[in-house]
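Each remark here refers to the structure printed beneath this line.
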Amino acid sequence: MCLILIGWQSHPDFPLVIAANRDEFYARRTRPAAWWGQSVSLLAGRDEEAGGTWLGINRRGRVALLTNVRAPQERNARAPSRGLLVLAALQTASPLGQWVKEGARAAQSFNGFNLLIGEPLPVPARGIDAQLLCTSNRGPGAPEEARALAPGIYGLSNALLDTPWPKVTRAVAAFACQVANRINTEALLGLMADRELARDAELPSTGVPLDWERALSAIQIRAKGYGTRSTTILTVRRDGTVNFLERAFAADDPQQYVDRRFEFVIDGTGYRTPILNSPPHGERG
109 MCLILIGWQS
119 HPDFPLVIAA
129 NRDEFYARRT
139 RPAAWWGQSV
149 SLLAGRDEEA
159 GGTWLGINRR
169 GRVALLTNVR
179 APQERNARAP
189 SRGLLVLAAL
199 QTASPLGQWV
209 KEGARAAQSF
219 NGFNLLIGEP
229 LPVPARGIDA
239 QLLCTSNRGP
249 GAPEEARALA
259 PGIYGLSNAL
269 LDTPWPKVTR
279 AVAAFACQVA
289 NRINTEALLG
299 LMADRELARD
309 AELPSTGVPL
319 DWERALSAIQ
329 IRAKGYGTRS
339 TTILTVRRDG
349 TVNFLERAFA
359 ADDPQQYVDR
369 RFEFVIDGTG
379 YRTPILNSPP
389 HGERG
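For the sequence shown, the tail end lands on 393 under the numbering used here, and the numbers increase by one without skipping.
Laid out in structure tokens, this is it:
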């Protein structure tokens, strides 16, 4: 992912609201969001080249998503795919804090990343408390010290959490207004489709050429060979209902997109409704 907006315990009906854009090269092979495996316990898109994912949620309600830290001068071409961290966080049975500590040494072998992992609802039957952690292998205390997020609105791009890049600041302000009112998926999609570029004087210096800094300053990116490949809106309601929408943009024509919608109830929350998958449909953006 390259831009994540999080509303954590900030809405009376939705303890977790996520709006996220995944930015990637159009040539990188990607499979759209779907349930993985015969047990349909994991919902995520799939990176076909490395086998991991960038954002997902499992039937137990655990959610994980990441962004890369933009530091081209530090990039190790032989490092493992960061998407494997999301997959591991969703598949482990370990408590989140324990999993972070146990994997701290291995995390240093990856290129720079920020990882958000959480469980938005308490499940007393499994001894789970609601929590949202942010960990990174860059910055102070990395990666042993995961930051437990207090209720609030957060923005994360390709630097540390809440680094005030122009698009993060602009997006967080608009997102906070939406979370303060009725959660509207179409309005969130509109927010994540903003292609306004930042002024040169506002641009960060991350080690890429100026023309790339400009292109990457938009909330939704459209650049030569690279751009926003998908937008995901994920909400968790207090009754355990999860709604997951992925808008996947066509690699050969990013003006075209397909929406995929999923609804299910987190195991152990006391509610029982079937998994609902609406059929994908194509639309012109």
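Where a beta carbon is used, it is the ideal one built from N, C-alpha and C, also for glycine.
*Pull up the distance between the alpha-carbon of ARG234 and that of GLN363, whole angstroms please.*
44 Å
_Minimum length 3: unbroken beta strand (DSSP E) runs contained in the region 251-326_ = 260-264
*asked:* Taking 9 Å as the threshold (C-beta atoms), are THR138 and GLU156 in contact?
replied: yes
*Note down, in chain order, each residue of its chain lying with its Cβ closer than 7 Å to the Cβ of SER217, except the 5 sequence neighbours on either side.*
ALA187, PRO188
*To the nearest whole angstrom, what separates the beta carbons of LEU224 and ILE112, a pair I think is in contact under 8 Å?*
7 Å
_According to DSSP, simplified to helix, strand and coil, what is GLY205?_
helix
*Residue(s) in a DSSP beta bridge with ILE114*: ILE126, TYR262
*Alpha-carbon to alpha-carbon, ALA196 and GLY205*: 14 Å
_Using only CA atoms, which one of ARG183, ALA158, GLN181, SER149 lies nearest to ARG167?_
SER149
*LEU229 (DSSP reduced to helix, strand or coil)*: coil
*Hey, out of ASP367, ALA212, GLY298, whose CA is closest to PHE221's CA?*
ALA212
_Proximity winner among ILE261, TRP207, ALA267, relative to ASN219 (alpha-carbon distances)_ = ALA267
_Reduced DSSP category for ARG154 - H, G, I as helix; E, B as strand; rest coil_ = strand
*Per DSSP, TYR334 is paired with what?*
PHE133, ALA331
*Below 9 Å between beta carbons: does that hold for ILE126 and ILE327?*
no
_Taking the alpha-carbon of LEU409 as reference, which of ALA185, ARG154, ALA179, PRO228 has the nearest alpha-carbon?_
What is shown of the chain runs 109 to 393, which leaves residue 409 out entirely.
_Cβ shell of LEU318 (< 8 Å), same chain only, five flanking positions each side left out_ = ASP308, LEU311
*Between the C-alpha atoms of ILE165 and ILE374, what's the straight-line distance to the nearest angstrom?*
10 Å
*For PRO272, is the beta carbon positioned less than 8 Å from some heavy atom of the ligand NAP?*
No copy of the ligand NAP appears in this structure; indeed no ligand is present at all.
*Should PRO120 go down as buried or exposed, given a rule of 16 or more other Cβ atoms within 10 Å for buried?*
exposed
*Where PRO230 and ASP360 are concerned, what is the direct C-alpha to C-alpha distance, given to the nearest angstrom?*
43 Å
*If we call anything under 9 Å between Cβ atoms a contact, is THR343 one with LEU198?*
no
*Assign LYS275 to buried or exposed, taking buried as 16 or more other Cβ atoms, counted over all protein chains shown, within 10 Å of its Cβ.*
buried
*Determine, using beta carbons only, whether ALA258 and LEU241 come nearer to each other than 9 Å.*
no
*Limits of the beta strand (DSSP E) - the one that GLN239 falls within*: 239-244
*Cα-Cα, which of ALA172, ASN245, LYS332 is closest to ALA128?*
ALA172
*asked:* What residue range does the alpha helix (DSSP H) around ARG213 cover?
replied: 212-215
*Hey, THR243 and ALA214: beta-carbon distance below 9 Å or not?*
no
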